[in-house]
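Presented below is the structure to which this report refers.
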Amino acid sequence: FINVLQPNKKGIKWARNTNHLISWNDNLKGKVNINLVKCQANGDIVKPWTLYTKENTNSGTNVGLPNVDIISLAIDAQGNYWVGTAVSLAKFDGKKWTSFTTPYLPDNIVTSLAEDNSGNIWAGTPQGLAKFNGTSWITFTTPVLPDNYVSSLAVDNSGNIWVGTYKGLAKFDGTNWTTYTYGSTNVPIFVNDITALAVDPSGNIWVGSTYGLAKFDGKKWTSFTTPVLPGNTVYSIAVDDSGNIWVGTGS
14 FINVLQPNKK GIKWARNTNH LISWNDNLKG KVNINLVKCQ ANGDIVKPWT LYTKENTNSG
74 TNVGLPNVDI ISLAIDAQGN YWVGTAVSLA KFDGKKWTSF TTPYLPDNIV TSLAEDNSGN
134 IWAGTPQGLA KFNGTSWITF TTPVLPDNYV SSLAVDNSGN IWVGTYKGLA KFDGTNWTTY
194 TYGSTNVPIF VNDITALAVD PSGNIWVGST YGLAKFDGKK WTSFTTPVLP GNTVYSIAVD
254 DSGNIWVGTG S
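By this note's numbering, the letter at position 113 of the sequence shown is numbered 126, and the numbering carries on one by one without gaps.
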């Protein structure tokens, strides 16, 4: 069961399921002695995979992947891999693993990850939001957030941080916070119970929730539900290279 898929700039894809962290390289061909492979129907190995587990990433004093229950993934501009698990946040530079837990994080369960335009890493947890500048950590909780359970993160074209929570949406411009909750004067549609966020090339914010999909262009909100969507519980949103919006739902 694959929950997160994340490509890097070298053509290597990273995926996580409920038991492992996996990477594979589309550029490599032929038979390679590795843990997991993807095969064609005729049995030829065409895309080598590398399997990362808690056991095979531990080496001497280097503690590896802290947990196989992986919830979120991100790759920063330096090529580091950030892995949110049920027990901590892990950073992998290709050789060494580093783990971060409380008190650096508000909670050890890392539900979402993003890198902003300045290279800061943002980590969402059930107890608040954390920002890491490479040296120090800052945490954000209510009342600047509508709710402490951060379900999703996105960075728009202007560098604003968008934070999805179970009780609404928040935007941070680097100085000020703006909240968007259903029933308030700036949100005429339901955007609570947020499950997913994405930003398209035009700068529109796409918000998935348990009540459908919403688009925010900075001024106007537009709602999309069934029958336009196959189901109203939105689990994931992605934007392809052509600007098309892809929406995963529960049905």
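We treat Cβ as the ideally placed atom computed from N, Cα and C, and that holds for glycine. Values in this document were obtained by computation on a predicted structure and should not be read as measured data.
By the criterion of a C-beta distance shorter than 6 Å, W150 is surrounded in its chain by Y117 and A143, once the five residues flanking it on both sides are discounted.
Distance check between Y162 and each of P119, G187 and N257 places P119 closest, using alpha-carbon atoms only.
Take the alpha-carbon of K67 and the one of L226: they are about 36 Å apart. Between T124 and G141, the beta carbon gap of about 11 Å keeps them out of contact (Cβ cut-off 8 Å). For the stretch 88–176, the full-length beta strand (DSSP E) segments reaching 3 residues or more read 94–98, 102–105, 110–113, 125–128, 134–138, 141–145, 150–153 and 163–168 along the chain. When rounded, the separation of the alpha-carbon atoms in I88 and P159 is 27 Å.
With contacts defined as CB atoms closer than 8 Å, A99 and S112 fail to qualify as a contacting pair. Distance from the Cα of S222 is smallest, within the candidate group S215, V241, N205 and K232, for N205.
The residues K228 and D230, in chain order, have a CB closer than 6 Å to that of N217 in the same chain once the five nearest residues on each side in sequence are set aside. Among the bridge pairs identified by DSSP, V212 is matched with I218. Non-local C-beta neighbours of G256 in its own chain, meaning closer than 8 Å and more than five positions away in sequence, comprise D213, P214 and S215, ordered along the chain.
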